[in-house]
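**Q** Per this note's numbering, residue 17 is the first one in the sequence shown, and the count goes up by one each step.
Even glycine gets a Cβ: it sits at the ideal position worked out from N, Cα and C.
Starting off with a structure, shown below.
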Amino acid sequence: MIFRRVWLSAAVLALAVSSLPSVAASAAPRLSGTAWSVQRDADALRDTGVTGVAVRLETPRGATTARSGVGDLVTDRPVSNDGYLRLGSTTKTFVATVVLQLVGEKRISLDQTVEQLLPGVVSGTGNDGRTITVRDLLQHTSGLSDYIYDVFPDPSAQTYFANRWRSYQPEELVALAMRHKPDFPAGTRWAYSNTNYVLAGMIIEKVTGRTWEQQVHNRILRPLSLQHTDTPGAKPFLPHPHTANYQQFAMDGPMVDTTIPYRPFDSGADGSMTGTARDLNRFFTALANGRLLKPAELAAMRTTVPVPQDSGHPAGTRDGLGLFFTSLSCGGGYLGHGGSGFGYVIRAATTTDGRRTITVSAHSRSADPQIAARQEDALRNLIDHALCRTT
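Put into structure tokens, the structure is as follows:
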């Protein structure tokens, strides 16, 4: 789901760490049932080369957690227990929820155009805000160029260290995207673009007079008591405890500690939030159960379009409004979103009835496409197995 930066692999870091310990396996060697299955799959993801893995599954019977690998490569400390995470593009689901709440309040319409709401912002080089609707932004059918290729054109550690402290205003990021022709006419195809959600955040502020961060706090975090979720903007440091993130920027290159984010694309409405797996599961459960949106708006969020098979998503994935639908091997499917940045991948998913919800975090990413593909498969299998179990 995640937020594709084609110059990096889509999954997690390739490391020769098959000897890394499974924390939970040594602490609880006689696990059975769901706990055993989740721990087994967390260890399988670690064995593909991920430095640290954390899983939290919520079911009507309670919570199941698993940790595997290490929390950092210097001290070999354990992976943090319910540690703070970078949510990356999972931020988009929070932003889409706020937009749909405003739709339910009749303050905006999904069929309004960007030009009507943000006059003159989307224009030039063939871009035309008169043809792009709010729905197009939330569903990635706008055709707008993704600004991330402008703020990180060279996939190297040198670029990361040289620019990681720089931050941009939303208007600046949109202006970067406007230098490029659209990929296709709005509404005719699908392509993931972070620019869409930068604009969604700007629309929230234009309509309400308050920032998207303030609206997320007032409308979602406070009502659900998500006390460990935040919108830190350009603040670079994760609260403690947290697991370190590692990025491999080039094949056979070194492991680079990237726990400090790359602020040019980690500070806005498209991917800046932080939180814990416990909080994230609570959010997605509440969303699926209809606690955050009225029926009409929740139905709109869950109305999907096909995602191309070459997009890096599982076959048959469909995109709604800030929410993806992915099929399960046992039938049916799950709703969710993921996020990634340098050195981490996070996936949050819930069954369509909200009864089983999972968050998985993997704390390293690989530059080797073959290893990355194996890691992606292991991550998907973990989620599929956990949500398909009936106990």
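Kindly indicate which residue of Phe168, Val115, Arg123 has the alpha-carbon position closest to the one of Pro280.
**A** Phe168
**Q** Use the C-beta contact count for His156: other C-beta atoms within 10 angstroms, 16 or more gives buried, fewer gives exposed.
**A** Classification of His156: buried, given that the 10 Å Cβ count is 16 or more.
**Q** Using 8 Å for Cβ pairs, my map puts Asn261 next to Gly359. What's the rounded Cβ distance?
**A** 3 Å
**Q** Considering only residues of the same chain and omitting the five flanking positions on each side of Thr301, which have a CB-CB separation below 7 Å?
**A** If the five residues before and after Thr301 are omitted, its C-beta is found closer than 7 Å to the C-beta atoms of Glu74, Thr366, Gly370, Thr373, all from its own chain and listed in chain order.
**Q** Grab me the residues of Thr80's own chain with a C-beta within less than 6 Å of its C-beta, minus the 5 sequence neighbours each way, in chain order.
**A** Excluding sequence neighbours, Thr80 sits near Thr50, Ala51, Val54, Leu73.
**Q** Does DSSP put Val39 in a helix, in a strand, or in coil?
**A** For Val39, the predicted structure reports a pLDDT of 43, less than 50, and the residue's modelled location is therefore unreliable. The matter cannot be settled from this model.
**Q** What is the rounded straight-line gap between the Cα of Leu36 and the Cα of Arg363?
**A** The pLDDT assigned to Leu36 is 42, lower than 50, so where the model puts this residue is not dependable, and the model offers no usable value.
**Q** May I have the straight-line CA-CA distance separating His353 from Ala266, to the nearest angstrom?
**A** 27 Å
**Q** Ser343 lies in the beta strand (DSSP E); which residues open and close that run?
**A** 340-343
**Q** What span of residues does the beta strand (DSSP E) with Ser356 cover, start to end?
**A** 349-357
**Q** Using beta-carbon positions only, say whether Asn210 and Ile276 come within less than 8 Å of one another.
**A** no
**Q** Is the Cβ-Cβ distance between Gly159 and Arg205 less than 8 Å?
**A** yes
**Q** Look at Gly78 and Ile387 and say whether their C-beta atoms are less than 8 Å apart.
**A** Cβ distance not < 8 Å, so Gly78 and Ile387 don't count as in contact.
**Q** Are there 16 or more other CB atoms within 10 angstroms of the CB of Thr407, so buried, or fewer, so exposed?
**A** exposed
**Q** Is Thr375 near Leu296, with beta carbons less than 8 Å apart?
**A** Their beta carbons are under 8 Å apart, which means Thr375 touches Leu296 by this criterion.
**Q** Specify, as a first and last residue, the run of the beta strand (DSSP E) that Val130 falls within.
**A** Per DSSP, Val130 belongs to no beta strand (DSSP E); it is in the alpha helix (DSSP H), 130-133.
**Q** Would you give the residue range spanned by the alpha helix (DSSP H) that Gly78 belongs to?
**A** Looking at the DSSP string, Gly78 is not in any alpha helix (DSSP H); the run it does join, the beta strand (DSSP E), is 78-85.
**Q** Would you call Glu121 buried or exposed, if buried means 16 or more other Cβ atoms sit within 10 Å of its Cβ?
**A** So Glu121 ends up on the exposed side.
**Q** As a quick exercise: from His401, Gly142, Asp127, pick the residue whose alpha carbon is nearest that of Gly347.
**A** Minimum Cα distance to Gly347 is reached at His401.
**Q** Using DSSP with H/G/I as helix, E/B as strand and the rest coil, what is Asp57?
**A** Judged by DSSP in its simplified three-state form, Asp57 adopts helix.
**Q** From the DSSP secondary-structure annotation, give me the bridge partner or partners of Gly68.
**A** Its beta-bridge partners are Gly85.
**Q** Beta carbon of Thr245, beta carbon of Met289: below 8 Å?
**A** Yes, these two residues count as a Cβ contact at 8 Å.
**Q** Mapping the DSSP letters down to three states, classify Ser327 as helix, strand or coil.
**A** helix
**Q** Whole angstroms is fine: what's the gap from Pro198's alpha carbon to Ile219's?
**A** 20 Å
**Q** With distances taken Cα to Cα, identify the nearest neighbour of Ser343 among Val150, Ser161, Ala193, Pro322.
**A** Checked all of Val150, Ser161, Ala193, Pro322; the closest Cα to Ser343 is Pro322.
**Q** Quick check: the Cα distance between Arg405 and Pro135, rounded to an integer number of angstroms?
**A** Taken atom to atom, the span from the alpha-carbon of Arg405 to that of Pro135 is near 50 Å.
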